[in-house]
Amino acid sequence: MKENEKAELLKVLQFYLFERFARPDSSFLAKKTAQVLALMACCDGLHLCASLLEEVKSYLLSCLQNRDFVKITTGLYSLRVIIEQMLSPCEAIGSIKTNEIQRWFITESVTVYNLLSRVMLFLLDAEVMNRTQTLLRGSPSAGNRSSLSEAGYPAFQLTQALINDVSEQSVNKYNALLAWLECLMESFKRLPPDCNFLDGFCNALFLLSLIGSPTFISACSTGSNLSVNNYSSNSLLSSVCLTSLACIQEMVDRKDLTTEVMQRNLWNLFPILQYHLSLSTGETAMPWSVTNGGQHQVRSYNKNLAETVAADTESQVNTTEYQLKLLDILKSVMTNFFHQLFSSTPLATTVGVDPFRFLGLLHDFTFATLDLDTYVSSLSVWNAFLEFLNVQYCSSSDKLGSSCMDSLPSNLHESLFTLGKALFSRLLHSESANFLETLDQDVSEDGSEYTTYYSSDTPENHDVMVLFRHDNSLNKVTSEPSEYRMFLRETLTTLAAVLGFVPGPLINVILGRYYAAWNDYVNFIQSSDVLSSGGVVFQLRSQPLHRVHWSLRDFATITQTVGFVMDSISTSVSSSIHDILQSLLYCLILNNQVVTHLNSLKQPLIRSDIITVIVENLMTLQSIILGNYLLLTSDQSAMIPGKIPLSAEQKDLLMTQIMQALAAFCLPVNSLPSTVPPPIQVCSARLFNAICTSTLFNESSINPSPKTNSSTIRDIFFQFMEILCDEKQRALLPFNVLRILLRSCVQFLAPLPLEEATVTGDLLERLVLRCYSPYLKQNVLHEDPVVHMLSLGLLNDAVDGMDSLSSYARRHMQTILAGLGLLEELVLCATRILSTDVHASINVIRACTAYLTFFTTYIRVLSQTGAIGSTIPELLGRIIRALYSNSTGSQCDSFIPACLIDRLLNMFLLIAKNRRLFVSLLGDILNLCLYRLLPGLGFRRDMDAVPTDEILPELVFSAGMHNPGSLQLLCELLFAALSEGFAFFFETKPRANTFGNVNNAAMQNSNWFANASQRYVLIKADEFNRIMLVLTSVFHERQVSSSLISFTLDGLCALHRLRKLFDLQPFNSYWLPELMHKLLSLLINKQHDSSKDAILSGLHSLTVSGMTQYEVADWNKSSTFPKCSAFFVQYFLPAFFNTLPYFDGTQQSIVLAHFYRSSQTVSPNAPNPVELIDLSNLDTFGQLITQLVIDLRAFRANSATKTSLPSPSDPEKTT
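Written out as structure tokens, the structure reads:
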């Protein structure tokens, strides 16, 4: 464009911006026009940029003189666009001009701040700002509350003016304020802060954040004649408040602040936040005012935040947004700044904020809210502060418990103690019913939540038993925890953290409430006539239903809390553990009498509460046993911290009482199913499992003395065994209970020495023979495949539970399975499934996956004690090949669902831990994963033939779209294939003649280990290239998952550290530049900005490992720093540029000049390696790549508009 045409266009655009579009209904057109003007200025150079900034400045100052709010808004829109465009210019102008404009505009930051300051004084008035400063610097405290009402008048005055604008159908001043705030926020985000203007801006932000806060709006609407109940008024004022808080957050989130600016921020921010906390909690009175003949009258109106929400439901959304925004700021402040205020008394005095009072206000704010999200966010703020205390005062490893408490400042003990008591009170219905009753508290009838969220029975919520159960859908999605469970988790976690600082006093409070609640529960049961009348009637003795409900729920919650913080209790007041154990045991015996009569209770709410009490009683006993708090000793007088000393007689009595109750809870009665609610049965089975895996129950290790008679305990255990070994009785047990009981008995019986089995026979062999062996035969598979698969699942679960047992126990189980011929029978069953002669109800894919699961578990757990026979690995290969097969006659040619794919991939990852087995199966695994599972992840059901390598990238893209998590699992398996299965792809070259006639053995060994490219030769080229094709296809230009990008890059770099992947010749010569090409393309296309650092780091690692053809041939030559630079500049970049349609030789010379120290343009045909910049440094490399990306974007943009980019004047400056 010619200069005169450009000048004419600029004139027209400025006319439309400042005249035609300076109207409330043209704000969108005004912003777009300002963007075009800023873009033209950036493309033209500094002269036009300076001219545009001066034009906007003059326009704004003129509008201020004319008091034209509409045009002021337009000017602020323009200024904001200029700030954004000139500090983040369009990609079309190139890196040199971008750097020039950015450096120039930063020097103009004073001009921008000065302009914003003048607009601020016009919109808010100097007198208002002075009063606001008085209010802010006199932040409410015990000494100056009397003057708060008068000082708060400016906020009311501004609110009155804004509301009058709304009532007059004019929002001009509101729009100008909002535009000013948005412009200020852009300045805080991009420009360096200036202390000369910071105080004034913070005063304005304080005032504007105050007028839209829920407390202020509620106070004005209740105590004055202002109509702020209007929805429009509330919405506008809330927008001003939230935008003001967003500006404050920009200040807090800046990480590049000097010490002076940081202290100035502290001086401004903490009074603002303290004032908001003070108002929100009702600690400070909120003034309101009405005018009367020029005189203002002020009264105090005090209303806390909880009452505001209850009184005005229309403001609930705005209130929640305000709270969460305030908490976002508080979390950053508590993480990054509060420790300075807390650690320095002089600084706290200068800022004018008492840290302990600030913590008190935060405490009140936390427990005033009735919103779960706000409450959880508040706890995250406290956790940040507790983490600071832990680092500051408890960082030494020897500072635990009381020693950590002793190191805390004395005046902090009371604050933390108060916090702990409040957290504990929030758990109790009797004290926090208004909060707790609003939470979703779903409890299932079958007790599944106690095996999903609280047990290792289902690791990571992926229960493999679903593969073996005919009645469960594979696509069943595990539900998320209820709101109440999330509340419990967060509250108990924070409470445990507080206990680390003030254990003694807080534990006394918890235990005091526990014993009181326990006494109330015992009295309630005794007064309900259950025990005296034989359970015919369950009476409540005219007690109010809600009081009974609260009392029962409190006891259940307190019991759960005691179990959760048992470690702190044992450390601080270990003498109390024995009393707790006795109370739990008494309660268990009492519940044993109550549970069978629950059906007579007509109130379902109370019935559910009693079930919860019994469940928590069982789970707390389980935590005591699993926590190893019980210690068998002959010296009862010995006080061991954290332990409950028990004699052999006490131990036997304890176990007998517990086992009797568990038998009553779990087992059928008189050949009839138990009427005990399923949650109680499941938790009883889990407690039985804890006992069976505890050393206390192992007679040979804990009770060698023949003086102690433990026949009662053994009789009860034999009672469990008889029920499990009887087919009819076993069928009466709920499946989840049966599963846990079988697993428990196997875990107990397997470690028993052979001499223990001489009297009664091998109980483990009997259990396997009765419970598993009869149903794992070919005839059962043919006649009743449902029972067969269910039994296989139970056996798989039992074997999996032995993973942590001794080698003797695992060898014992392996011997029994082999001796009974069970393994051979299972191999025959699996072979039959692979044939066409199977029951019509069998889903072959599901059955193959189930057998693959079992044999994988068997090899992982039991085969570690001996050599693996050839039968099972060969069978695994056949199963995998059957799943892969897509021939016409095979039953395995149906579609594999994504839920099964995840389970298969997880199993293969487990197999990878057995390197020898993994290598033997790797070929079949890769075929299945790449040709069957990958199409399934991409929902490509229309593929009749084996996919070719040409369409693998498209399959990867499709899988990333539909199942990114599963594709990440597949990539993890491919990484395992290249690391654990390295021997499958490569073999070591013979050492002879590798080093010629080198005589120095040390040098020979050094070179042998240093040059991976010469040590190995690729023997499986097709499989290796296929894996690399899939992994590099993750970086597809249409890939949407940034987390998948980062994960794959991390995996490749980890593989390089482990196996020197980037140095291997097959990868280095082809896949390394291919991967670099894809990563650089992602940066140019602005894709996955959240993973930009990972992409740059990965690109740098590849560059450092890159070798030219000359270097590959002469690998033994000593390398210097230009090596990676020569590869990148002379080899990779020219090849990359040749793929760009908008790039020619002249433009290549311009870009390549950045990578040379010489200021002259270097021809790409004859580069001088001596002058190359060292790219081995990541920071230098990142800076140059950023400039390269900007230049390439500029060339691409200019190519589209047929324009050219001027040459950089001095490439040296860019480094």
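Residue numbers (the numbering used here): 1 to 1215. Every residue gets a Cβ at the ideal spot worked out from N, C-alpha and C, and that includes glycine.
Q.
Taking the straight line between their C-alpha atoms, what separation do you get for Glu765 and Phe982?
A. Counting from one through the sequence shown, the residue named residue 765 turns up at place 765. Counting from one through the sequence shown, the residue named residue 982 turns up at place 982. Roughly 41 Å separates the two Cα atoms.
Q) Quick one: what's got a C-beta closer than 8 Å to Leu257's C-beta in the same chain, skipping five residues either side? A) As a position in the sequence shown, residue 257 is number 257, starting the count at 1. Cβ neighbours of Leu257 beyond the five flanking positions: Pro193, Asn265.
Q: Hey, could you find the ends of the beta strand (DSSP E) Pro645 is sitting in?
A: Within the sequence shown, residue 645 is the residue found at index 645, counting from 1. Judged by DSSP secondary structure, Pro645 falls within the beta strand (DSSP E) whose first and last residues are 644–646.
Q. Looking at Asp1050 and Gly94, is the spacing between their C-beta atoms short of 7 Å?
A. Counted from its first residue, the sequence shown places residue 94 at position 94. Counted from its first residue, the sequence shown places residue 1050 at position 1050. Not in contact: Gly94 and Asp1050 (Cβ atoms no closer than 7 Å).
Q.
Helix, strand or coil for Val353? Go by DSSP, reduced to three states.
A. In the sequence shown, the residue the question calls residue 353 occupies position 353. Three-state DSSP puts Val353 in coil, outside helix and strand.
**Q.** Leu205 in three-state terms, based on DSSP
**A.** Here residue 205 refers to the residue found at position 205 of the sequence shown. Of the three classes helix, strand and coil, the one that applies to Leu205 here is helix, per DSSP.
**Q.** Terminal residues of the beta strand (DSSP E) in which Tyr1016 lies
**A.** Position 1016 of the sequence shown, counting from 1, holds the residue named residue 1016. Residue range 1016–1018 is occupied by the beta strand (DSSP E) that includes Tyr1016.
**Q.** Strand pairing of Leu969, partner residues [DSSP]
**A.** Indexing the sequence shown from 1 puts residue 969 at position 969. For Leu969, which the question treats as bridged, DSSP gives no partner whatsoever.
Q: Taking Glu987 as part of the beta strand (DSSP E), name the residues at either end of that continuous run.
A: Counting from one through the sequence shown, the residue named residue 987 turns up at place 987. Looking at the DSSP string, the run of the beta strand (DSSP E) that includes Glu987 is 986–988.
Q: Hey, could you find the ends of the beta strand (DSSP E) Leu630 is sitting in?
A: Within the sequence shown, the letter at position 630 stands for residue 630. First-last of the beta strand (DSSP E) with Leu630: 630–632.
Q: Grab me the residues of Ser235's own chain with a C-beta within less than 8 Å of its C-beta, minus the 5 sequence neighbours each way, in chain order.
A: Within the sequence shown, residue 235 is the residue found at index 235, counting from 1. Counting only Cβ-Cβ distances below 8 Å, and skipping sequence neighbours, we find Asn318.
Q: Go through its chain and collect everything with a Cβ distance to Ala179's Cβ below 7 Å, but skip five positions before and after it.
A: As a working mapping, residue 179 is identified with position 179 in the sequence shown. Spatial neighbours of Ala179 in its own chain (CB-CB distance under 7 Å, excluding positions within 5 residues in sequence) are listed in chain order as Thr73, Leu76, Tyr77.
Q.
For Phe984 and Val919, which I take to be in contact (beta-carbon distance under 8 Å), what is that distance rounded to the nearest angstrom?
A. Locating residue 984 in the sequence shown gives position 984, counting from the first residue. Locating residue 919 in the sequence shown gives position 919, counting from the first residue. With 8 Å as the limit, Phe984 and Val919 qualify as a contact, their Cβ atoms being about 5 Å apart.
Q. Contact check, Asn934 vs Ala898 under 8 Å by CB: the rounded distance?
A. Position 934 of the sequence shown, counted from the first residue, corresponds to residue 934. Position 898 of the sequence shown, counted from the first residue, corresponds to residue 898. Note that residue 934 is Leu in the sequence shown here, rather than Asn. Actually they are not in contact, since the Cβ atoms of Leu934 and Ala898 sit about 11 Å apart, beyond 8 Å.
Q: Compare the C-alpha of Val1104 against each of Ser377, Asp1063, Glu108 and name the closest.
A: Along the sequence shown, one-based indexing puts residue 1104 at 1104. The shortest Cα separation from Val1104 among Ser377, Asp1063, Glu108 belongs to Asp1063.
Q | Backbone secondary structure at Ile106 - three-state DSSP | A | Locating residue 106 in the sequence shown gives position 106, counting from the first residue. For Ile106, the three-state secondary structure derived from DSSP is helix.
Q | Through-space distance from Met655 to Ile577, alpha-carbon basis | A | Within the sequence shown, the letter at position 577 stands for residue 577. Within the sequence shown, the letter at position 655 stands for residue 655. A straight line joining the alpha-carbon of Ile577 with that of Met655 spans about 17 Å.
**Q.** N- and C-terminal bounds of the alpha helix (DSSP H) containing Leu552
**A.** Within the sequence shown, the letter at position 552 stands for residue 552. 545–564 is the extent of the alpha helix (DSSP H) around Leu552.
Q) Buried or exposed: where does Ile640 fall if 16 or more other Cβ atoms within 10 Å of its Cβ makes it buried? A) The residue you call residue 640 lines up with position 640 of the sequence shown. It counts as exposed.
**Q.** Cβ neighbours of Ser1042 in the same chain (closer than 7 Å, five flanking residues each side left out)
**A.** What you label residue 1042 is simply residue 1042 of the sequence shown in a count that begins at 1. By the criterion of a C-beta distance shorter than 7 Å, Ser1042 is surrounded in its chain by His1088, Ser1090, Ser1091, once the five residues flanking it on both sides are discounted.
Q. With 7 Å set as the bound, which would you pick, yes or no: does the beta-carbon of Gln1183 sit closer than that to a beta-carbon of chain C?
A. You won't find chain C in this structure, because it holds only one protein chain.
Q) Below 7 Å between beta carbons: does that hold for Pro505 and Phe417? A) Start at 1 with the first residue of the sequence shown, and residue 505 comes out as number 505. Start at 1 with the first residue of the sequence shown, and residue 417 comes out as number 417. Between Pro505 and Phe417, the CB-CB gap stays under 7 Å.
Q: Leaving aside the five residues before and after Asn617 along the sequence, list all residues of the same chain whose C-beta is less than 7 Å from its C-beta, in chain order.
A: Here residue 617 refers to the residue found at position 617 when the sequence shown is read from its first residue. Answer for Asn617: Thr559, Leu584, Cys587, Leu588, Asn591, listed in chain order.
Q. Residues in its own chain within less than 6 Å of Gln295 by CB, not counting five upstream and five downstream?
A. Along the sequence shown, one-based indexing puts residue 295 at 295. At Gln295, the pLDDT of 42 sits below 50, so the modelled position is not reliable; the number obtained from the coordinates is stated separately. Excluding positions up to five away in sequence, the list is empty.
Q) So, using beta-carbon positions, are Pro679 and Ile611 closer together than 7 Å? A) The count along the sequence shown starts at 1 and reaches residue 679 at position 679. The count along the sequence shown starts at 1 and reaches residue 611 at position 611. Their beta carbons are under 7 Å apart, which means Pro679 touches Ile611 by this criterion.
Q. Leu1172 by DSSP, collapsed to three states: which one?
A. On the sequence shown, position 1172 is the one that residue 1172 refers to. Strand, per DSSP.
Q: Return helix, strand or coil for Val669, following the three-state DSSP convention.
A: One-based indexing of the sequence shown puts residue 669 at position 669. In the three-state reduction of the DSSP assignment, Val669 falls in the strand class.
Q) Under the rule that 16 or more other beta-carbon atoms within 10 Å means buried, what is Arg810, buried or exposed? A) The residue labelled residue 810 in the question sits at position 810 within the sequence shown. Buried.
Q | Extent of the continuous alpha helix (DSSP H) to which Met619 belongs | A | For this step, residue 619 is matched to residue 619 along the sequence shown. Met619 -> alpha helix (DSSP H) spans 604–626.
Q: Go to His429, then tell me how far its alpha helix (DSSP H) extends in each direction, as first and last residue.
A: Stepping through the sequence shown from its first residue, residue 429 is reached at position 429. Note, His429: alpha helix (DSSP H), 429–436.
Q) Are three or more beta carbon pairs between the stretch 542–553 and the stretch 422–440 nearer than 8 Å? A) Enough Cβ pairs lie closer than 8 Å, so yes.
Q) Going straight from the alpha carbon of Tyr322 to that of Leu370, what length do you get? A) Counting from 1 along the sequence shown, the entry for residue 322 is found at position 322. Counting from 1 along the sequence shown, the entry for residue 370 is found at position 370. Distance between the alpha carbons of Tyr322 and Leu370: 14 Å.
Q) For Tyr1142, does the three-state DSSP call read helix, strand or coil? A) Here the question's residue 1142 lines up with position 1142 in the sequence shown. Correct three-state label for Tyr1142: coil.
**Q.** Whole-Å CB distance - Val565 paired with Ile580, under 8 Å assumed
**A.** For the purposes of this step, residue 565 is identified with residue 565 of the sequence shown, where counting begins at 1. For the purposes of this step, residue 580 is identified with residue 580 of the sequence shown, where counting begins at 1. Not a contact, Cβ separation roughly 11 Å.
Q) Which stretch, first to last residue, makes up the alpha helix (DSSP H) that contains Leu955? A) Reading the sequence shown from its first residue, position 955 is the one you call residue 955. Counting along the chain, the alpha helix (DSSP H) containing Leu955 begins and ends at 952–962.
Q: Please list, in chain order, all residues of the same chain as Leu1058 whose beta carbon is under 6 Å from its beta carbon, the five residues on each side excluded.
A: Mapped onto the sequence shown, residue 1058 falls at position 1058. Cβ neighbours of Leu1058 beyond the five flanking positions: Ser979.
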